[in-house]
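Quick notes on the structure that follows.
Residue numbers (our numbering): 1032 to 1179.
Printed below as a string of structure tokens:
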């Protein structure tokens, strides 16, 4: 279970367009070595958020990993939804990407790289979404989006 430690910020998202904008603002802050952990139910906006960072992103639910070129590095976009137990070959690859940006949907396993990460928890409400942000770059992401 992910722990929400340190400062925590909440962002209200009214629609898909705004979720993509939020992803774009977060993307402008990303640097090599950043790790984002995306928690939330199916349909809560995790992959839509990633599309704000990488326009042509799609869910890696079946491939487990998608790689994208990003700025002067790569983004490794993982999805652990279908994993019932740790896939150590995949986790070894995850540990070896220190010069990239790592985004993990459904981060349900304890992996050392997760210790220095930013957690984004996506919550569904009837007429909007909330994203709770905490961790390494929570304040920076929140401030970037708040500047609208």
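Don't be surprised by glycine CBs; every beta carbon is placed ideally from N, CA and C.
These figures come from a predicted structure and were not determined experimentally.
Per the coordinates, the alpha-carbon of residue 1155 lies some 31 Å from the alpha-carbon of residue 1128. Short of 6 Å from the beta carbon of residue 1109, and not among the five residues preceding or following it, lie these beta carbons of its own chain, in chain order: 1096 and 1135. Annotation: the continuous alpha helix (DSSP H) that includes residue 1172 extends over 1169 to 1177. In this structure, residue 1139 places its C-beta atom within 8 Å of the C-beta atom of residue 1111. Where residue 1116 is concerned, there is no enclosing beta strand (DSSP E), because DSSP gives it neither an H nor an E.
Under DSSP, residue 1152 takes part in a beta bridge, and its partners are 1070 and 1163. For residue 1132, the enclosing beta strand (DSSP E) begins and ends at 1132 to 1136. The beta carbon of residue 1056 sits closer than 7 Å to those of 1175 and 1176, all from its chain and outside the five residues before and after it, given in chain order.
Within the model, the alpha-carbon separation for residue 1054 versus residue 1084 is close to 5 Å. Closest by C-alpha distance to residue 1058, out of 1104, 1163 and 1157, is 1104. For the pair residue 1074 and residue 1153, the Cα-to-Cα distance works out to about 9 Å.
Residue 1142 and residue 1066 have their alpha carbons spaced roughly 12 Å apart. Beta-bridge partners assigned by DSSP to residue 1042: 1162.
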